[in-house]
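Residue numbers (the working numbering): -6 to 318.
We put the beta carbon where it would ideally sit given N, CA and C, even for glycine.
A quick note: this is a predicted structure, and the numbers were derived from the prediction, not measured.
Below is one structure, written out as structure tokens; comments come after it.
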Ligand SMILES: NC(=O)c1ccc[n+]([C@@H]2O[C@H](COP(=O)([O-])OP(=O)(O)OC[C@H]3O[C@@H](n4cnc5c(N)ncnc54)[C@H](O)[C@@H]3O)[C@@H](O)[C@H]2O)c1
């Protein structure tokens, strides 16, 4: 049985990945962020005989070392990810995203792991200079978050070149679905409509995104880990399509039978040069190396997300009355 370590197992994508790996017969060690509430985040209600939950912090190299012991494949997802918060606390992004990745790579080398999947993000590309964005597109650090992920990816890849660590950089485009933080646009809109708001504050609605349903992103991760010729490669996880925020919000409104009004709040407009206006990912390399293609249309993924958020027990976990940075 393959043993997988998932960092960020308490988070949105990580918790879905843990469940997908368990369903596929993996033995999983999941790292959740240490906290005094003993909260395991989205893993609080997941129990399985092949799941081991460890609380810790990737900024600690000793902790990372013990995490990698006996592990075959590392899925490294733990990170600080909110762009607005990276304007306020950039140093913590370097410490968690760059240093934390280095700590894990170091530990993975020492324990001879056979695959190390580094989670990147389409944010590293910045606004598209051409579409679809393939893996050769220039990197543009338009936010401290993006810069820290560029640094993290480079650090991981340096362990491939310097120490032979079998690293693959998996680069998902925007991912959405059940359990996502309300910092992100799709959950913030769905949760506020579900909570009965008549007017919802939004930022710029003109940018486009390549939205991926979380189950597809996780299946992409697993396909990359299980394929043979992915070591030393950077691989987009994308749908090859784009949609504007405005159209996405209109689709949500329609699917929820809502007549809510969207109102632009200047506080949510990003500094002009920091806003990423266009993301449309080329997934040809993913298809070629793994045979994987996503199976959710935007409409299907949004419907599943709405079904989850509109359940009272789920909605109650969200603070729909504040701006979640
Ligand atoms: N959500 C997206 O659209 C998207 C798109 C592309 C890439 N990604 C990447 O996917 C990964 C997961 O993102 P997510 O959307 O699930 O976000 P998330 O915030 O839900 O998950 C990140 C997890 O990392 C954990 N974490 C943060 N700092 C830590 C630390 N110092 N030590 C241990 N754990 C720590 C948090 O507890 C959190 O659960 C991230 O690497 C992110 O950059 C996300």
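Residue burial classification, residue i (beta-carbon count within 10 angstroms, cutoff 16)
| i | result |
| --- | --- |
| residue 292 | exposed |
| residue 41 | exposed |
| residue 63 | exposed |
| residue -6 | exposed |
| residue 304 | exposed |
| residue 332 | Not covered by the structure: residue 332. The range shown for the chain is -6 to 318. |
| residue 37 | exposed |
| residue 164 | buried |
| residue 235 | buried |
| residue 275 | buried |
| residue 167 | buried |
| residue 207 | buried |
| residue 19 | buried |
| residue 245 | buried |
| residue 218 | buried |
| residue 199 | exposed |
| residue 154 | exposed |
| residue 290 | exposed |
| residue 306 | exposed |
| residue 146 | buried |
| residue 23 | buried |
| residue 143 | buried |
| residue 109 | buried |
| residue 81 | exposed |
Residue i Cβ short of 7 Å to ligand 1 heavy atom set
| i | result |
| --- | --- |
| residue 170 | no |
| residue 30 | no |
| residue -2 | no |
| residue 71 | yes |
| residue 137 | no |
| residue 142 | yes |
| residue 26 | yes |
| residue 112 | yes |
| residue 271 | no |
| residue 52 | yes |
| residue 89 | yes |
| residue 115 | yes |
| residue 5 | yes |
| residue 93 | yes |
| residue 200 | no |
| residue 1 | yes |
| residue 196 | no |
| residue 320 | Residue 320 lies beyond the residue range present for the chain, which begins at -6 and ends at 318; the question has no answer from this structure. |
| residue 174 | yes |
| residue 34 | yes |
Within 8 Å, strictly: CB atoms of residue i and residue j
| i | j | result |
| --- | --- | --- |
| residue 279 | residue 229 | yes |
| residue 88 | residue 52 | yes |
| residue 135 | residue 25 | no |
| residue 330 | residue 209 | Only positions -6 to 318 of the chain appear in the structure, and residue 330 is not among them; the question remains open. |
| residue 196 | residue 263 | yes |
| residue 117 | residue 85 | no |
| residue 90 | residue 151 | no |
| residue 302 | residue 213 | no |
| residue 159 | residue 113 | no |
| residue 70 | residue 6 | yes |
| residue 132 | residue 0 | no |
| residue 111 | residue 75 | no |
| residue 21 | residue 56 | no |
| residue 174 | residue 28 | no |
| residue 169 | residue 162 | no |
| residue 201 | residue 251 | no |
| residue 67 | residue 101 | yes |
| residue 283 | residue 220 | yes |
| residue 14 | residue 215 | yes |
| residue 54 | residue 99 | yes |
| residue 182 | residue 192 | no |
| residue 34 | residue 4 | yes |
| residue 401 | residue 124 | Nothing in the structure corresponds to residue 401, since the chain is present only between -6 and 318. |
| residue 353 | residue 310 | Beyond the ends of the chain as shown, which are -6 and 318, falls residue 353; an answer cannot be given. |
| residue 10 | residue 211 | yes |
Any non-hydrogen atom of ligand 2 within 7 Å of residue i CB
| i | result |
| --- | --- |
| residue 74 | Absence of ligand 2 is noted for the structure shown, with ligand 1 being the only ligands found. |
Nearest-angstrom Cβ-Cβ length linking residue i and residue j, presumed shorter than 8 Å
| i | j | result |
| --- | --- | --- |
| residue 103 | residue 58 | 7 Å |
| residue 184 | residue 313 | 5 Å |
| residue 351 | residue 172 | No information on residue 351 is available, as it lies outside the stretch -6 to 318 that the chain covers here. |
| residue 77 | residue 137 | Residue 77 to residue 137, Cβ: 10 Å. No contact. |
| residue 253 | residue 186 | 5 Å |
| residue 128 | residue 227 | 5 Å |
| residue 248 | residue 295 | 6 Å |
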